[in-house]
Each structure stands twice: as structure tokens, then as C-alpha cells.
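To start, the structure itself, in C-alpha cells.
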Amino acid sequence: MIETGGLLSGKVVLITGASSGIGAAAASVFAREGAAVVLAARREERLAALTAELNGKGFDAAYVVTDLTRAQDVRRAVDFTLDRHGRLDGAFNNAGIGGDRTPLHQMEDDIYDSVIDTNVRGLWNCLRAEIAAMLSGGGGAIVNNSSVGGLVAIPAAAPYVASKHAVVGFTRAAADEYARQGIRVNSVAPGSTRSEITVDWYGRNPGLEEAIHEITPQGRTAAPEEIAEAAAWLLSDRASYVTGVVMPVDGGYVNH
Ligand SMILES: NC(=O)c1ccc[n+]([C@@H]2O[C@H](COP(=O)([O-])OP(=O)(O)OC[C@H]3O[C@@H](n4cnc5c(N)ncnc54)[C@H](O)[C@@H]3O)[C@@H](O)[C@H]2O)c1
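Residue numbers for the sequence shown follow full-length UniProt numbering, beginning at 1 and rising by one.
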């Protein structure tokens, strides 16, 4: 591994949903900051391409095909990390899905099921496996990707909003429970960020992106790297006395 002297120098970090968007950006940002990264997501072709790109730059990257909704997949990803590196220092629980933008009373049950299964059970699976590994290694840091929808309502996205509030709940509960065992747990709450979720939502809802920009003080959508930078800091030892917080990375959206 090349020496970067970065924020995450020498850390081993697992990133879920690393095949696209914020997760893929996090893989690059964390690697540049000195972490050995393990990428977990479902789409092997993309994971393989990003891993090869990072290793080609002299970073230490590997991937495990993982469906977060399956506890055994998540345990395999954590075990793979422990076998490869001997420990797990950090985890960015980033993967999630948006679901439909539909009024609550018209939302199909299968949207509810898939959003809750991925965003809530997926995180549950991750926290249990990661915390067990971190306890045996003497500590670590976890960042869960919530959303501004974990702090306030987003119109016509009730299951997503409920799921992202659950991410905040798990963050607070786990931070409180494991602080004395050296595990810090925090969340980022991104606002509108360029990714497959927003391309899908904005593509199917003309005018939505402009309407969000209108009520976002910084007046734009974030690059995925801007969310990854905040997660990198929270995962780093530079945030050593920060636990249980939910950090909006939202161009001022929630404050407004
Ligand atoms: N883009 C935004 O505006 C925005 C805003 C707030 C929060 N977020 C959150 O950021 C996170 C990343 O989303 P993104 O915007 O980069 O979108 P994205 O669709 O590009 O990335 C989501 C990633 O999660 C993975 N994923 C989904 N279900 C999975 C499963 N069952 N198992 C494994 N991997 C799975 C996808 O394959 C993908 O890699 C999500 O949790 C999302 O809710 C995004």
C-alpha cells in the first residue's frame, strides 16, 4: 500500500453499496486517504472494475459480492475482511434504495418491503457483523448513511423517510451501547446528491430537482465525493470524541 499520510492512513474500511454513487466515491476518497478498502455490493462487474482501478493506482482494494438483505452475505464480507487484513477498523454502511415517489396511501406494499428490507434490515445485518468484529479487534468507527429524510420529511417518500429515521435510531442506539468499548457510531445525512437514485427520481419527476435546488441554500446537488469526505472524517481518529451524531451534508437544506 502506498503511504499517503491521509486521514485514514493504515485503516481497514468496509464500504457497502460501493458499486456506484456515494459508495464508489467513498472507495476512492478513503483509498486516497490511506485506507485499505473492501467494497461490498451486488454488481460484480462494477466492483471488479473499481477495485482494479484503485489497485492500478497503488491503493489496496478488494471486493466481495454482497446482498445486504442476507445476513450470511454480510458475515461473509466481514469474514473476508478479517481474513485479508486481520481486523476491521471502519465501516461505511452506505447502501440503500430510494423506492418510489408516490403518496403514502397509493404506495405499493412491495415498495415498502424492499425499502425497509434494504435500508433497515440491511443496516441491522451490517451493524451486528461489524460490531462483533470490532469488539474482537478492540474498537472501530462506523458511519451509517442516512439522509435529510432521516431528519425531516421528504414528500411522497414515506417508506424511505421512515427507513432513514431508523438509520438515525440505530446510529444513536449503537453509539450509546458501544462507546465504552471503543466503537464510535455516527451518521451522515446527505441532501440531494448526484447518483443513480437521484437520476432515477429526477428522471421520473420532472421539475423535482429544480424544486429541491430552490429550497437548498447552496442551490445545487452535491457531488458524491462531498458526502464521502464527511464520512472519511467521521471514520478517522480526528473525530475521536464524536459519537452518536447525525451530520447533515446537505448544502444547508435541513437548516433552512
Ligand atoms: N443521492 C442522494 O441524493 C442521497 C441523499 C440522501 C441519502 N442518500 C443515501 O446514500 C446512499 C447511497 O446511495 P446513492 O445516492 O449513492 O445511490 P446509488 O443507487 O448510486 O447507490 C446505492 C448503492 O447501494 C447498493 N445496494 C442497494 N441495495 C443493496 C443490497 N441489497 N445489497 C447490497 N448493495 C445494495 C446499490 O447497488 C448501490 O451500489 C443510500 O443509502 C441513499 O439512501 C442518497
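A virtual CB, placed ideally from N, CA and C, is assigned to each residue, including glycine.
Because the structure is a prediction, the values reported are computed rather than measured.
- Going by C-alpha positions, T198 is about 20 Å away from D113.
- The shortest C-alpha to C-alpha distance from I15 to any of A228, A156, A166, R220 is the one to A228.
- Using a Cβ distance threshold of 8 Å, V185 and G244 count as a contacting pair.
- C-alpha of V115 to C-alpha of R32: approximately 32 Å in a straight line.
- In this structure, A189 lies near V246, with their beta-carbon atoms less than 8 Å apart.
- Scanning D100, C126, L208, A61 for the CA closest to the CA of V161 turns up D100.
- Under the Cβ criterion (8 Å, minimum of three pairs), the stretch 123–132 counts as touching the stretch 158–178.
- With a cutoff of 8 Å on beta-carbon distance, E130 and V78 are scored as near each other.
- The DSSP assignment places complete alpha helix (DSSP H) segments of no fewer than 4 residues inside the stretch 46–112 at 71–85, in order along the chain.
- Approximately 14 Å separates the beta-carbon atoms of T66 and D117; this is outside 8 Å, ruling out the contact.
- With respect to the C-alpha of W201, the residue from V242, P155, G252, G58 having the closest C-alpha is P155.
- The DSSP-derived three-state label of T198 is helix.
- In this structure, the alpha-carbon of E226 lies about 15 Å from that of T216.
- A distance of 8 Å or more separates the beta carbons of V37 and V64.
- The straight-line gap separating the alpha-carbon atoms of I97 and G5 is approximately 34 Å.
- Residue range 140–145 is occupied by the beta strand (DSSP E) that includes G140.
- For N125, the enclosing alpha helix (DSSP H) covers residues 122–137.
- With a cut-off of 7 Å, the C-beta of N94 is classified as near ligand 1, since at least one heavy atom of the ligand falls inside that distance.
- Short note on P159: C-beta not closer than 7 Å to any heavy atom of ligand 1.
- Taking 8 Å as the cut-off, the beta carbon of N94 is found closer than this to the beta carbon of I22.
- Looking at the DSSP output, A222 sits in a beta bridge with T193.
- In the three-state reduction of the DSSP assignment, L14 falls in the strand class.
- Annotation for G5 indicates a beta carbon at 7 Å or more from all heavy atoms of ligand 1.
- Under the three-state reduction of DSSP, A174 is assigned to helix.
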